[in-house]
Amino acid sequence: MGVDWGQAAQIAGIGFGTVFLVLTILAVAILLVARAVGRIGRGKDSANGTSKGD
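What follows is the structure in structure tokens.
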């Protein structure tokens, strides 16, 4: 009973690829949420008549 290294490499490659794909999707989602929160925060500051420099 031997090890099929071709299949093992394929499974490992798919696993690593999936991990990096999920991490990339999470990074983009976090970036978009951070930008949205930043815009909402800036909108509230300007609506109140205050700025961060005051």
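For the sequence shown, the numbering used here begins at 727 and goes up steadily by one.
We put the CB at the ideal spot given by N, CA and C, even for glycine.
Spatial distance of residue i from residue j (CA atoms)
i, j, result
"V745", "A738", "11 Å"
"G764", "A755", "14 Å"
"D730", "I740", "16 Å"
"R768", "L749", "28 Å"
"V759", "L752", "10 Å"
"F742", "Q733", "14 Å"
"L757", "Q736", "31 Å"
"R761", "K770", "14 Å"
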